[in-house]
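Visitor: Position 170 (the sequence shown) corresponds to 170 in full-length UniProt numbering; numbering is contiguous.
Where a beta carbon is used, it is the ideal one built from N, C-alpha and C, also for glycine.
Because the structure is a prediction, the values reported are computed rather than measured.
What follows is a structure written as structure tokens; I'll ask about it next.
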Amino acid sequence: MPAVKPKELPHNLEAEASVLGGLIVNSEQLMTAEEHLRPEDFFSARNRLIYENMLKMREEGIPIDLVTLTERLANLNLMEKIGGPVYLAELQNAMPMFANFEHYCIIVQDQALIRRLVEASSSIIDDCYGEFENVSDVVEKAEEKIFKVAEGQITGDFTSVQDVVNETLDHIEKVREAEGELTGLATGFSELDFKTSGLQNSDLIYVAARPSMGKTAFALNLAQYAAIHENATVAIFSLEMSRTQLLQRMLCSEGLIDLSKVRKGTLSDEEWQILGDASARLYGTKIWIDDTGGQTLADIRAKTRRMKAEKGLDLVVIDYLQLMSGRGRSENRQNEVSEISRGLKALARELDCPIICLSQLSRAPDGRPDHHPLLADLRESGSIEQDADVVLFLYREYYYDKENGNPYMAELDVAKQRNGPTGRINLTWRPEYTRFMDWADDKQYPDEPAPAAANVPF
1 MPAVKPKELP HNLEAEASVL GGLIVNSEQL MTAEEHLRPE DFFSARNRLI
51 YENMLKMREE GIPIDLVTLT ERLANLNLME KIGGPVYLAE LQNAMPMFAN
101 FEHYCIIVQD QALIRRLVEA SSSIIDDCYG EFENVSDVVE KAEEKIFKVA
151 EGQITGDFTS VQDVVNETLD HIEKVREAEG ELTGLATGFS ELDFKTSGLQ
201 NSDLIYVAAR PSMGKTAFAL NLAQYAAIHE NATVAIFSLE MSRTQLLQRM
251 LCSEGLIDLS KVRKGTLSDE EWQILGDASA RLYGTKIWID DTGGQTLADI
301 RAKTRRMKAE KGLDLVVIDY LQLMSGRGRS ENRQNEVSEI SRGLKALARE
351 LDCPIICLSQ LSRAPDGRPD HHPLLADLRE SGSIEQDADV VLFLYREYYY
401 DKENGNPYMA ELDVAKQRNG PTGRINLTWR PEYTRFMDWA DDKQYPDEPA
451 PAAANVPF
């Protein structure tokens with residue numbers, strides 16, 4: 001495909017001239033211009049050069065007017081490139097109305113954005129006609145390019161330590177003013193909130209356990225609490241269960257209704273009423289469920305970016321890591337999982353919200369006298385531990401020891417926390433409701449015997 005010629009790209013030279021003319025006449029408007037324009041936003045090379053030198057003059061404390069600008073450009077041997085003193089004089093007279101200065105800046109900004117979109121589209125077309133191993137790679141690259149244009153972030157840049165210091169002090173001051181209040185999303189578990197101060201933005205949080213420990217139930221409990229009590233917008237990616245199955249669990253957990261009765265259709269009139277009240281509470285939340293199986297990192301990245309832009313996004317839950325598909329480049333599943341894990345951490349930072357990802361553990365705990373999980377048990381990839389900001393292990397002794405274990409006790413092990421303490425927390429586990437609760441000794445235990453393992457939903 002032939003390259004797009006510069007003369008074909010959208011631009012508005014009159015608006016560019018009006019911006020520069022306005023700055024020559026009244027340099028105090030440079031602050032307004034800077035809010036909208038970078039030198040590269042000017043289509044004309046000479047206009048770009050003039051604006052760039054105006055910014056440098058301001059940084060150097062040199063007043064900007066026709067005389068000082070002419071002198072600077074002459075000293076730098078740039079007069080010929082910009083069209084000489086005549087062009088500068090024309091710019092001075094090009095400002096139609098001072099009241100419209102910001103509007104002229106926006107016109108130039110919009111034209112620059114359209115040019116970037118044209119250039120990105122041209123690059124995408126070239127990629128489509130080029131050689132590639134996987135169509136999903138092309139789609140991911142295309143979305144990345146369009147997303148950067150939409151965000152106005154064509155390239156990243158350094159941030160000065162001065163800016164970071166101010167930003168950090170502002171954050172510390174807000175925490176101090178909160179006087180011990182949570183700085184992240186509340187989890188609904190008091191001891192966990194005490195250790196973590198809630199689910200923190202940009203954190204990648206792994207919830208890992210052996211099968212049938214209650215990983216999905218725990219993650220849904222976190223999501224429900226955030227949505228109902230924190231008014232959070234939550235995206236749930238269920239790669240294993242259908243959305244109907246998930247919602248049944250959420251309703252039973254919210255209403256404390258026996259899931260087996262829901263499945264069998266044996267609810268009493270009173271339980272139906274309770275279920276209706278629970279459904280009303282869930283109906284008013286901002287929970288979004290995607291139960292598409294075999295999703296890739298690119299799929300999840302695309303959908304969460306779109307949700308962030310359109311609806312906002314406060315929490316992402318993925319159930320679970322090992323069911324995510326790789327891009328097919330590696331024959332080694334461990335390398336694929338490592339790549340996915342690194343991508344999830346990058347996505348958490350980009351979205352600036354916590355991502356909870358469930359993960360299976362290897363069989364190693366089953367073969368040890370002490371079955372408590374260790375970080376080394378994280379399945380298929382050591383990079384999971386490296387990428388994670390927080391690793392939570394779920395463990396129930398009753399799963400291994402039916403005679404001596406407490407069927408309603410679970411342990412949550414904060415095995416890793418990048419910015420906080422670790423340690424184990426006792427929780428109450430009510431399997432019939434698929435609900436974890438704060439530990440309350442015997443207060444929340446039913447009088448009847450614990451349900452058989454085969455009948456307990458997880």
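Below 6 Å CB to CB, which residues in the same chain sit around Y87 once its five sequence neighbours on both sides are set aside?
Guide: Hits under 6 Å: none found.
Visitor: Am I right that T216 and L358 are in contact with their C-beta atoms under 8 Å? What's the rounded C-beta distance?
Guide: Their Cβ separation, rounded to whole angstroms, is 7 Å, which keeps T216 and L358 in contact under 8 Å.
Visitor: At which residue ranges does the region 168 to 220 contain complete beta strand (DSSP E) runs of 3 or more residues, listed in the order of the chain?
Guide: Here the runs fully enclosed are 204 to 209.
Visitor: Measuring alpha carbon to alpha carbon, tell me which residue in E240, D203 and G198 is nearest A226.
Guide: Looking at the Cα atoms, G198 is the closest of the given residues.
Visitor: What is the C-beta distance between F237 and V317, in whole angstroms, given that I count them as a contact (C-beta under 8 Å)?
Guide: So it is a contact: roughly 7 Å between Cβ atoms.
Visitor: With distances taken Cα to Cα, identify the nearest neighbour of K81 among Q224, L113, N47 and I62.
Guide: The shortest C-alpha separation from K81 is found at N47.
Visitor: How far does the beta strand (DSSP E) with I340 in it extend, from its first residue to its last?
Guide: Not the beta strand (DSSP E): I340 falls in the alpha helix (DSSP H), residues R333 to L351.
Visitor: Quick check on the burial criterion: 16 or more other C-beta atoms within 10 angstroms. Buried or exposed for P10?
Guide: So P10 ends up on the exposed side.
Visitor: Check whether the region 386 to 398 touches the region 362 to 374, counting contact only when three or more Cβ pairs, one atom from each stretch, lie closer than 8 Å.
Guide: The region 386 to 398 vs the region 362 to 374: in contact.
Visitor: Where does Y104 land, buried or exposed, given buried means 16+ other C-beta within 10 angstroms?
Guide: Looking at its Cβ environment, which holds 16 or more other Cβ atoms inside 10 Å, Y104 is buried.
Visitor: Please list the segments of the alpha helix (DSSP H) lying wholly inside the region 241 to 287, counting only runs of 4 or more residues, in order along the chain.
Guide: Runs of the alpha helix (DSSP H) inside the region 241 to 287: 243 to 255, 259 to 264 and 269 to 283.
Visitor: Would you say the region 258 to 273 touches the region 108 to 118, given that touching needs at least three Cβ pairs under 8 Å?
Guide: These segments do not touch.
Visitor: Let me make sure I understand the geometry here. Which of Y283, E59, Q200 and E52 has the alpha-carbon closest to that of L73?
Guide: Closest by alpha carbon: E52.
Visitor: Please go through the same chain and pick out, in chain order, the residues whose beta-carbon is closer than 8 Å to the beta-carbon of D442, but skip the five residues on each side of it.
Guide: Here the model assigns D442 a pLDDT of 47, short of 50, so the residue's position is not dependable, and the following value carries that caveat. Once the five neighbours on either side are set aside, D442 has no close Cβ partner at all.
Visitor: Do the region 91 to 98 and the region 16 to 26 make contact, defined as three or more Cβ pairs closer than 8 Å?
Guide: Touching, per the Cβ criterion.
Visitor: Report the three-state DSSP secondary structure of Q295 (helix, strand or coil).
Guide: Q295: coil per DSSP, three-state reduction.
Visitor: Mind pulling the alpha helix (DSSP H) runs of 4 or more residues that sit fully within the region 23 to 53?
Guide: Those alpha helix (DSSP H) runs which fall completely within the region 23 to 53 and span 4+ residues are 30 to 36.
Visitor: Is the beta carbon of I356 sitting closer than 8 Å to the one on L344?
Guide: Not closer than 8 Å, so no.
Visitor: So, does the CB of Q200 fall closer than 8 Å to a CB anywhere in chain B?
Guide: No chain B is part of this structure, which consists of one protein chain only.
Visitor: Would you be able to state if there are at least three C-beta pairs under 8 Å between the region 121 to 128 and the region 289 to 299?
Guide: At 8 Å Cβ cutoff, the stretches do not touch.
Visitor: Which residue comes first and which comes last in the beta strand (DSSP E) that contains A74?
Guide: Taken as a continuous stretch (DSSP letters only), A74 belongs to no beta strand (DSSP E), being part of the alpha helix (DSSP H) at L66 to N75.
Visitor: May I ask you to report which of helix, strand or coil DSSP gives I114?
Guide: Here I114 sits in helix by DSSP.
Visitor: Quick one: grab the DSSP three-state call for S362.
Guide: If DSSP states are grouped into helix, strand and coil, S362 belongs with coil.
Visitor: When burial is assigned at 16 or more other CB atoms within 10 Å of the CB, is P63 buried or exposed?
Guide: When all chains shown are included, P63 counts as exposed.
Visitor: For R305, name the three-state secondary structure that DSSP assigns.
Guide: The answer is helix: DSSP assigns R305 an H, G or I state.
Visitor: Which class does L13 belong to by DSSP, given the choice of helix, strand or coil?
Guide: Three-state DSSP puts L13 in a helix.
Visitor: Taking DSSP's pairing of strands, which residues face D438 in a bridge?
Guide: DSSP lists L427 as partners of D438.
Visitor: Please look up how many angstroms separate the CB atoms of L256 and R435, rounded, as I've assumed it's under 8 Å.
Guide: That belief holds up - the Cβ atoms of L256 and R435 are roughly 7 Å apart, short of 8 Å.
Visitor: Let me check one thing: in DSSP terms, what residues is T233 bridge-paired to?
Guide: In the DSSP output, where bridge partners are listed per residue, T233 has K286.
Visitor: The alpha helix (DSSP H) spanning L91 covers which residue range?
Guide: L91 -> alpha helix (DSSP H) spans G84 to Q92.
Visitor: Our contact map puts I425 next to E181 with C-beta atoms below 8 Å; I'd like the distance itself, whole angstroms only.
Guide: About 20 Å separates the two Cβ atoms, so there is no contact after all.
Visitor: What is the residue span of the alpha helix (DSSP H) that Y399 lies within?
Guide: Unbroken alpha helix (DSSP H) run through Y399: E397 to Y400.
Visitor: Quick one: what's Q417 bridged to in DSSP?
Guide: Beta-bridge pairing links Q417 to V390.
Visitor: Buried or exposed: which applies to Q417, given that a residue is buried once 16 or more other Cβ atoms fall within 10 Å of its Cβ?
Guide: Q417 is buried by the Cβ-count criterion.
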